[in-house]
Every structure is written in structure tokens, then in C-alpha cells.
Amino acid sequence: MARIELENIQKKWGAYWGVRDVNIDIADEEFIVFLGPSGCGKTTTMRMIAGLESPTEGTIRMDGEVMNDIDARDRDVAMVFQGYALYPNMTIYENIRFPLRMRGVPKGEQDALVRRAAGLVELTDFLDRKPGALSGGQRQRAALARAIVRQPQVFLMDEPLSNLDAKLRQAMRVQIKHIQRELKITTVYVTHDQIEAMTLADRIVIMQLGAIQQIGTPDEIYNDPANTFVANFIGSPPMNLIEGRLSEGTFTAPGLRVEGLSPRYAGKVTLGVRPEDCTVTEEGAHLQGSVYGVEPTGDVTYLTLKAGEKLVEVKADRAYRAALGHVESVRFDPDRIYLFDTETGQRLR
Amino acid sequence: MAEKRKKSRSENLFLRYLILGAWALFCVAPVLWFLSIGLRPRTEIITPTPVYFPSFSLDAWHMIWEDWPMAKYLRNSVGAIFGSVIIDLVLAIPAAYSLSRFEYRGREDIGFYILSTRMMAPAIVAVPIFFLFRTLGLLDTIWALMLIYAAINLSFVTWIIRSYMLDIPKELEDAAKTDGAGELRILWEIIVPAILPGIITASVIAMIFAINEFLFTLLIASTPDAYTMSVALANFTGGSDGIIYNAIALVAFIAFLPVFVVVVAIQKHLSRGLTMGAVKG
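Chains as they are written, first to last, in my numbering: chain B, 502 to 850; chain U, 2 to 282.
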């Protein structure tokens with residue numbers, strides 16, 4: 502079990518910044534998720550924790566011990582890779598046993614450990630097969646078993662579910678979280694999928710262009726985004742961000758007028774409101790727009806309105822239907838309106 | 002309409018077989034012809050008109066095994082060739098691993114240098130090599146042949162193995178590292194098994210080159226002690242008996258057979274090995 506501290510971590514390749522100014526303190530037994538678009542530095546940060554890359558500057562500590570100069574094989578971490586990285590010439594049994602052999606676990610204990618790990622991921626029946634003879638989901642579970650077999654201090658998972666179909670992904674997500682809770686092992690998980698991040702994480706680290714945008718629990722990230730990038734990245738469909746002007750507590754944009762906002766700011770601001778915090782109603786409406794699209798999904802209907810040049814997404818009642826071009830009014834939940842500085846994207850509180 | 006198409010299709014197929022069959026015959030006919038020479042009596046070889054259906058005779062067979070040191074030459078060939086391939090693999094696998102996996106200054110230059118040893122005509126270095134082996138006291142031994150074959154083939158064996166290694170996902174090594182394996186373990190337990198087809202391909206190509214090698218063998222093997230099949234065959238005339246064509250043909254056939262069998266057995270890998278690098282998967 503381990504606490505991981507990343508202090509002022511930088512990674513540069515020539516003039517290119519992979520990761521800059523990363524400071525994170527990961528608690529023992531915590532499940533932390535690095536979330537961000539591809540190229541944001543999340544995988545690089547994880548690889549530095551693994552010891553597969555070394556930081557250009559900064560300090561990595563595990564349980565207080567500086568890890569910078571310790572080889573990957575001497576750090577007690579186990580990693581699950583996006584492409585599973587199962588050894589193709591070995592059976593599943595040999596794959597799972599490999600880390601035990603490398604770490605010098607006594608031969609007599611190996612078999613029981615392999616079978617226990619395989620049992621945890623329900624692979625006991627496939628132990629004598631080669632990876633090539635397994636389905637994607639089974640390979641994923643085999644990779645997971647290889648990681649958990651020796652009970653490492655830290656689990657690192659690099660987009661482990663991205664090659665699976667949606668249904669399997671959901672099932673594996675539940676399994677990963679369950680195993681992590683059961684084994685109580687500090688886990689760092691990298692993904693670009695916000696649903697995975699929201700459902701798995703104790704805390705989420707959102708990254709963009711090598712820098713951390715926000716660290717917080719899923720609720721904090723969702724309810725209290727630090728900037729437009731976070732606001733837009735989390736939530737499906739994403740938050741509506743509407744540029745306009747604020748003066749004396751009144752925000753205006755084409756087709757939109759919201760009163761009673763903070764009078765502390767003025768000028769160009771961006772108003773953010775999530776589709777689920779909008780209600781189709783005439784009463785106290787903030788926005789008027791013409792219907793651009795209606796998408797029934799079964800349990801909700803997504804309504805897209807065009808106000809000026811801006812498309813605004815609204816989560817409407819499941820029975821909601823309207824003809825294109827019909828003019829509709831929408832009210833925002835006044836407690837769930839966010840203001841951002843249009844220039845910097847930072848939240849105005 | 003459909004029938005017409007069917008007909009033209011079967012004609013097409015016939016034409017295809019005809020062309021391929023003719024090509025195969027063109028390639029195989031000389032081989033079969035010298036096999037038939039090897040298995041006919043001496044009297045039916047040089048005749049005013051061709052003898053298409055000769056009588057069968059094992060004279061040449063007995064001659065090459067009993068009166069001629071065929072077994073010794075075969076032994077020399079096999080020893081020198083296998084020895085050279087083993088030397089190549091021992092050197093090429095770590096070299097290829099280094100060239101394909103580690104980053105260091107001059108890596109590309111070293112890779113190119115290794116390949117460049119194939120770029121000059123072998124005759125250029127023939128004289129220095131002769132003196133080198135004379136100084137080492139290795140003239141007329143199969144040890145010298147092993148070394149020389151290994152040196153000739155090392156560059157492309159390294160390059161073939163290197164390109165197979167480049168195809169192996171880096172993730173596999175990262176996984177092995179976090180699992181606790183060191184570099185040598187990774188090479189031996191993960192990489193080598195994964196590129197076994199490449200290693201086999203490279204070995205077979207090296208064997209074929211070594212079997213056919215003539216110039217340096219002639220240079221180093223000045224007496225029959227170190228003759229291999231290729232040089233022995235060239236020197237084989239039958240001495241006071243004149244030129245014994247049927248025995249020569251049979252020896253040539255025996256020299257050709259192992260290569261043929263091996264190539265047929267691994268032709269799938271071989272075509273991949275030869276075109277490898279042409280298309281990146």
C-alpha cells in the first residue's frame with residue numbers, strides 16, 4: 502500500500518512540453534483517474550510513476566521514498582496496458598505467473614497465487630490457452646490478473662477498457678472497481694472517457710496540454726468546474742457555453758437574457774449551463790430560440806435550440822416533440838449557472 | 002450470359018494453369034535432367050543423340066561414397082554452415098535488440114555501418130583475409146570457414162532480426178519491465194520467442210548463402226581437408242578416370258537437395274522475411 506507524491510513534475514522532449522508543473526498527492530488506497538484528451542500528458546505522467554519514463558524535473562515519492570532513480574522493475578507497481586501486452590508465446594497461466602517468477606516468489610506458492618488471481622477475474626477455465634485464442638474481454642481480464650497476482654503497492658492502468666465494446670466496458674468497469682476496493686491497492690487510472698472517470702474515481706485529475714486543469718472528486722468536478730475546459734469536458738452532452746456581455750448583474754447574448762447575476766463582474770463573459778439544468782417553459786424564461794433538432798433517446802429527449810448563431814442543448818421531457826423552426830422558451834436553474842472569463846476561460850466566482 | 006461467363010472463367014483458369022505449369026517445367030526440367038544423368042551409366046551420358054529414357058544405374062552413387070570423400074565434404078559443409086549460423090545468431094540477436102530498442106548516439110550510423118559491409122565486392126577483401134587467416138593459423142580448417150561465412154552473413158541476419166524486433170509492440174517490454182524483468186530476461190523470454198519466425202528465416206537465408214559460398218572457401222580451403230560441397234564439386238573431375246559426369250551430377254543434386262527441402266518447408270516465413278520492411282503493417 503502506498504502514498505504517491507508528484508512534486509513539480511516536468512517532462513520535456515527537446516522543446517516540446519509533455520507534462521508541466523504537475524503536483525499531486527495520491528493517498529494510500531485511493532483510486533485516482535487522470536482524465537483528458539489524447540496528448541494531454543496523462544499517460545506520460547503515469548509512465549513516470551511506473552518508472553518507464555523519467556521526469557525532466559521534479560520528484561516522485563512513494564511512501565516518502567524518492568523514486569526518480571529507481572528502475573521500473575524495482576518499483577513495486579503493476580501496470581495494465583491499453584493493448585493488454587500479454588506475452589504471445591506464453592499461456593495465460595504462464596502470463597499471470599511471469600511477475601511472480603521475476604520477483605522470486607517461491608515456486609511452491611506460485612500456483613495458488615496464479616489460481617487466486619485468475620479466479621478473481623473469472624479466467625480459471627482459460628489458463629492453458631494462449632492469448633491469441635482469447636476474446637478481447639478475456640485478454641483484458643488476463644492482463645488484469647497478471648497485474649493483481651503479486652499484490653503490488655500500486656496499480657497503474659492505461660486506458661485498459663478502450664479496446665472493448667460498450668457493454669463489456671461497463672461490466673469490466675464494475676469489476677475493476679470491485680477488485681480495487683477488495684484489494685485496497687492505490688490505483689492510478691488513465692482514460693479519456695469521462696464516464697469511466699466519473700464512475701471509478703475517488704478523485705479525478707483533469708489534464709490538458711500537459712498541465713493539470715483541476716483535481717477533485719467527481720462531484721466537485723461536475724458541480725464546480727474550475728474553467729471552461731473542465732466544464733466542457735465533463736458531462737454528456739457537455740455544458741452549454743454561451744459568450745455574451747455582463748453588466749450590472751445582467752447577462753445578455755442574442756436570444757438570451759439572465760438577470761440577478763453577480764454584479765462584481767462586467768464585460769465579456771461566458772455563461773455556462775448544463776443541458777440538464779434547463780427547463781422548457783415560458784415562465785421566467787431566460788432563452789428564446791428556434792428548434793434546430795430534436796433527439797428522442799427513450800428516457801429523455803435532447804432539444805437543440807438556435808439562439809443567434811449559437812446552438813444550445815436542452816434536456817427535455819421524454820415526451821417532448823417539436824417541429825423544426827418552432828420558437829421555444831427555456832429557463833435555466835438560477836443556482837446552476839456558471840460564469841467564466843471569456844479571455845482566460847477561468848471561472849468567475 | 003451466365004453460362005458464357007462461366008465458360009470464359011474456366012478458360013481463364015486453364016490458361017493460368019498452362020502458364021504456371023510451363024514456368025514450373027522450365028525451372029524443374031534441368032534439375033530432373035541432371036538427376037537422370039546421375040542415375041544412368043557412364044556410357045549413356047555423352048552420346049550423339051539424347052537418351053531420354055536411360056537405363057538405371059547406381060554406379061555414380063557408389064563411386065561418390067566409396068572412391069570419393071563425399072562424406073567428409075558433407076561433414077565439412079554442415080559443420081561450417083551450422084557453426085556460422087550459430088555465430089551469426091549469437092552476435093546478431095543482441096545487436097539487433099540494441100539497434101531496435103535502445104536510444105544512443107550514433108545508433109543509426111552503427112546500423113548503417115553493419116549493413117555497409119555487404120556493399121563491396123567480396124574479392125576486394127579476399128587477399129587481406131587470406132593473410133589474416135594465415136597469420137591466425139586457421140587456413141585449411143572449417144573454423145576459418147565458419148568465421149568467414151558468419152562474417153559475410155552477419156549484416157543481413159542482423160537487419161532481418163532487427164526489423165522483426167521493430168514490429169514487436171514496445172508495450173510488451175514495458176509490461177515485462179514493470180513485471181520485474183531485466184533486459185536480458187526480456188530479450189530471452191519475451192522477444193526471442195515472439196520473433197522466432199524471423200530468426201528461422203534469417204538462419205535459412207544465411208544457410209543458403211553459406212552453402213553457395215565459393216570464393217572464400219576456395220581461398221581458405223587449399224587442400225581437400227577443408228573442402229565443402231561447393232568447392233569439392235568444382236574440383237571434382239574424376240582424376241585419371243576423366244570427367245565423370247554422372248557422379249558430378251549426383252553430387253550437385255545432393256548438394257542442392259537440403260536447401261530445396263528447407264526452403265519448401267519454410268517458404269511462408271521466407272517470403273515474409275524477404276519482403277519484410279517493404280510494407281509496414
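Even glycine gets a Cβ: it sits at the ideal position worked out from N, Cα and C.
Item: Per-residue contacts from residue 175/U into chain B (C-beta, under 9 Å); Value: 548, 551, 553, 573, 580, 582, 586
Item: Whole-angstrom distance between residue 263/U and residue 154/U, CA atom to CA atom; Value: 18 Å
Item: Any C-beta of chain U under 9 Å from that of residue 604/B; Value: yes
Item: For residue 163/U, the three-state DSSP class (helix, strand or coil); Value: helix
Item: Beta bridge counterpart(s) of residue 121/U as assigned by DSSP; Value: Residue 121/U is not bridged to any residue.
Item: Beta strand (DSSP E) segments (min. 3 residues) lying fully within the stretch 636 to 677 of chain B; Value: 655 to 659
Item: Inter-residue Cα distance where the pair is residue 78/U and residue 652/B; Value: 54 Å
Item: Residues sharing a beta bridge with residue 713/B, DSSP; Value: 708/B
Item: For residue 761/B and residue 773/B, believed in contact at Cβ under 8 Å, the rounded distance; Value: Actually they do not touch by this definition, with Cβ atoms about 16 Å apart.
Item: Extent of the continuous alpha helix (DSSP H) to which residue 62/U belongs; Value: 60 to 67
Item: Against chain U: residues of the stretch 590 to 601 of chain B by CB proximity under 7 Å; Value: 590, 599, 600
Item: The stretch 166 to 186 of chain U in contact with the stretch 109 to 122 of chain U per 3-pair CB rule at 8 Å; Value: no
Item: Residue 102/U at chain B interface by Cβ criterion, 9 Å; Value: no
Item: Per-residue burial, residue 236/U [other beta carbons within 10 Å of its own, 16 or more giving buried]; Value: exposed
Item: Minimum Cβ-Cβ distance from residue 282/U to chain B less than 9 Å; Value: Since pLDDT at residue 282/U reaches only 33, below the 50 mark, its modelled position is unreliable, and the value read off the structure follows with that caveat. Output row for residue 282/U: interface = no.
Item: Beta-carbon proximity of residue 589/B to residue 195/U, cut-off 9 Å; Value: yes
Item: Of the listed residues 218/U, 261/U, 44/U, nearest to residue 142/U (C-alpha basis); Value: 218/U
Item: Inter-residue Cα distance where the pair is residue 766/B and residue 837/B; Value: 17 Å
Item: Contact list for residue 178/U against chain B, beta-carbon separation under 7 Å; Value: 553, 573, 574
Item: Within-9 Å CB hit, residue 647/B to chain U; Value: yes
Item: Residue 129/U, DSSP secondary structure in three states; Value: helix
Item: Beta carbon proximity, residue 657/B to chain U, threshold 9 Å; Value: yes
Item: Where the stretch 191 to 203 of chain U meets chain D: residues whose CB sits under 7 Å from a CB there; Value: No chain D appears in the structure shown, which is made up of the protein chains B and U.
Item: Counterpart residues of residue 797/B in DSSP-defined beta bridges; Value: 802/B
Item: Where residue 186/U meets chain B, residues with beta-carbon distance less than 8 Å; Value: 603
Item: Whole-number beta carbon distance between residue 722/B and residue 707/B, since they are thought to touch under 8 Å; Value: 7 Å
Item: For residue 546/B, three-class secondary structure by DSSP; Value: helix
Item: Run of the alpha helix (DSSP H) containing residue 107/U, from where it starts to where it stops; Value: Per DSSP, residue 107/U belongs to no alpha helix (DSSP H) and is neither H nor E.
Item: Pick from 34/U, 227/U, 170/U, 90/U that is closest to residue 202/U, judged by C-alpha positions; Value: 90/U
Item: Of the residues 609/B, 564/B, 791/B, the one placed nearest residue 503/B, counting alpha carbons only; Value: 564/B
Item: Neighbour list for residue 109/U in chain B, Cβ cutoff strictly below 8 Å; Value: Going along chain B, no residue has its Cβ under 8 Å from residue 109/U, so there is no contact; the nearest lies around 17 Å.
Item: Chain B within 9 Å of residue 97/U, Cβ atoms only; Value: no
Item: Residues of the stretch 209 to 237 of chain U whose Cβ lies closer than 8 Å to any Cβ of chain B, in chain order; Value: none
Item: Test item: CB-CB of residue 692/B and residue 657/B under 9 Å; Value: no
Item: Beta bridge counterpart(s) of residue 768/B as assigned by DSSP; Value: 747/B
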